[in-house]
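For reference, the structure is listed below as structure tokens.
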Amino acid sequence: MPNNTFLSSFYKGFQIIKSHTTNSLITITLKPDPTAMCQCGRTSNSVHDYQWRVLKEAMMFDTPVELVVQTRRINCSSFGVKAEARSWVASYSRITNRLKGYIEKLLPLLPIKHISELTGVRWHTIKEMDKQRLKRVVPEVPWSDLRQLVMDEFTIFKGHRYATVIADAQSHQVLWSGIGRSRKDIRPFFEELGDNAANIEVVAMDMNTAFDLEVQAHCPNARIVYDLFHVVAKFSREVMDRVRVDQTNQLKTDKKARR
Ligand SMILES: [Zn+2]
Numbered sequence: 092m093p094n095n096t097f098l099s100s101f102y103k104g105f106q107i108i109k110s111h112t113t114n115s116l117i118t119i120t121l122k123p124d125p126t127a128m129c130q131c132g133r134t135s136n137s138v139h140d141y142q143w144r145v146l147k148e149a150m151m152f153d154t155p156v157e158l159v160v161q162t163r164r165i166n167c168s169s170f171g172v173k174a175e176a177r178s179w180v181a182s183y184s185r186i187t188n189r190l191k192g193y194i195e196k197l198l199p200l201l202p203i204k205h206i207s208e209l210t211g212v213r214w215h216t217i218k219e220m221d222k223q224r225l226k227r228v229v230p231e232v233p234w235s236d237l238r239q240l241v242m243d244e245f246t247i248f249k250g251h252r253y254a255t256v257i258a259d260a261q262s263h264q265v266l267w268s269g270i271g272r273s274r275k276d277i278r279p280f281f282e283e284l285g286d287n288a289a290n291i292e293v294v295a296m297d298m299n300t301a302f303d304l305e306v307q308a309h310c311p312n313a314r315i316v317y318d319l320f321h322v323v324a325k326f327s328r329e330v331m332d333r334v335r336v337d338q339t340n341q342l343k344t345d346k347k348a349r350r
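For the sequence shown, the numbering used here begins at 92 and goes up steadily by one.
What follows is the structure, encoded as structure tokens:
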């Protein structure tokens, strides 16, 4: 029996009975202690049935780790047949809490594809974890408090397509984003805004989009404001450049002035 006291301390209620290491995988086999803990907190020594399951664990020394675990259903004196409670993995999950925590730390930093490559966990599993995480960390949109909005477009897919983002001008909270920049593309935002659209007083936006028409169609009390950056950009592009060209053309025919 190897001395696994240190590692065993990570798996409360379980003992490591075997471990196997190759260059690409560490396999740890875990068996539960005789006394099981029910989800309700009562202990039980009566096992209903058991099976072996393979769980994914966080990497150790740059090597993926797999746990082969004997999981049990026990007879609880109050609730009948129940899955045994384990503090280090959720019932029916195939990923330990430690690996889940690690993935959640990586999610704000790396694309899901890279996390999947790094941890060996399926893309869809990580995507689902990210959705749950975002629900926790992203605040609810205070629809009825909205008064001033900003809208902007940005390129995605290396400049081949556009997306739109809409934010609260006061709190800077992002309220909505979606693929595309047409009136139809941004309509879902206004549908969600619903009757609160009447509260909107000001919407700031870029000058060369169809956003203004869609805003006017939904927000009867909103003034459209073109933000200064875009106004200056447009002015320099269309007015100052025009003046420069005109001046240059004029000077071409005026030899005295060119000196
Ligand atoms: Zn119970």
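For every residue, glycine included, the Cβ atom is placed at its ideal position computed from N, Cα and C.
For residue 337, three-class secondary structure by DSSP: helix
DSSP beta-bridge partners of residue 138: BP columns for residue 138 point to 165.
Entirely enclosed alpha helix (DSSP H) segments - the stretch 247-330, minimum 4 residues: Complete alpha helix (DSSP H) runs here, min 4: 274-284, 302-309 and 319-326.
For residue 238, the three-state DSSP class (helix, strand or coil): coil
CB of residue 294 within 8 Å of CB of residue 331, strictly: no
Neighbourhood of residue 264 by C-beta, 7 Å cutoff - its chain only, sequence neighbours within 5 removed: Excluding positions up to five away in sequence, the list reads 230 and 258.
Check whether residue 224 and residue 195 have beta carbons under 8 Å apart: For the pair residue 224 and residue 195, the CB atoms are nearer than the 8 Å cut-off.
heavy atom of ligand 1 below 7 Å from residue 169 C-beta: For ligand 1, at least one heavy atom lies less than 7 Å from the Cβ of residue 169.
Contained alpha helix (DSSP H) runs [length at least 4] in the stretch 160-223, N- to C-terminal order: Qualifying alpha helix (DSSP H) stretches, in chain order: 188-197 and 203-210.
Option nearest residue 233 by Cα separation, candidates 266, 109, 335 and 254: Taking only the C-alpha atoms, the option nearest residue 233 is 266.
Cβ pair residue 271, residue 279 closer than 8 Å: no
At least 3 beta-carbon pairs within less than 8 Å: the stretch 127-135 vs the stretch 155-170: yes
Check: residue 310 C-beta below 7 Å from any heavy atom of ligand 3: Ligands present in the displayed structure are limited to ligand 1, and ligand 3 is not among them.
Helix, strand or coil at residue 225 according to DSSP, with G and I counted as helix: helix
Own chain, CB closer than 6 Å to residue 108, minus 5 neighbours either side, in chain order: 120 and 122
Alpha-carbon spacing of residue 101 relative to residue 178, whole angstroms: 10 Å
Test item: CB-CB of residue 162 and residue 189 under 8 Å: no
Nearest to residue 219 (by Cα), restricted to the options 198, 140, 147 and 235: 198
Integer-rounded CB distance, given that residue 222 should sit under 8 Å from residue 185: Their Cβ separation, rounded to whole angstroms, is 18 Å, which puts residue 185 and residue 222 out of contact at 8 Å.
Closest residue to residue 156 among 96, 287, 176 and 115 (Cα-Cα distance): 115
Closest by C-alpha distance to residue 174, when choosing among 152, 141 and 300: 141
Close Cβ partners of residue 126 (< 7 Å) along its chain, the five nearest in sequence each way excluded: 134 and 136
Buried or exposed by the 16-neighbour rule on C-beta atoms within 10 Å, applied to residue 342: exposed
Three-way DSSP call (helix, strand, coil) for residue 243 in this model: strand
Near ligand 1: residue 173 beta-carbon under 7 Å from a heavy atom: yes
According to DSSP, residues forming a beta bridge with residue 232: Bridge partners of residue 232: none, in fact.
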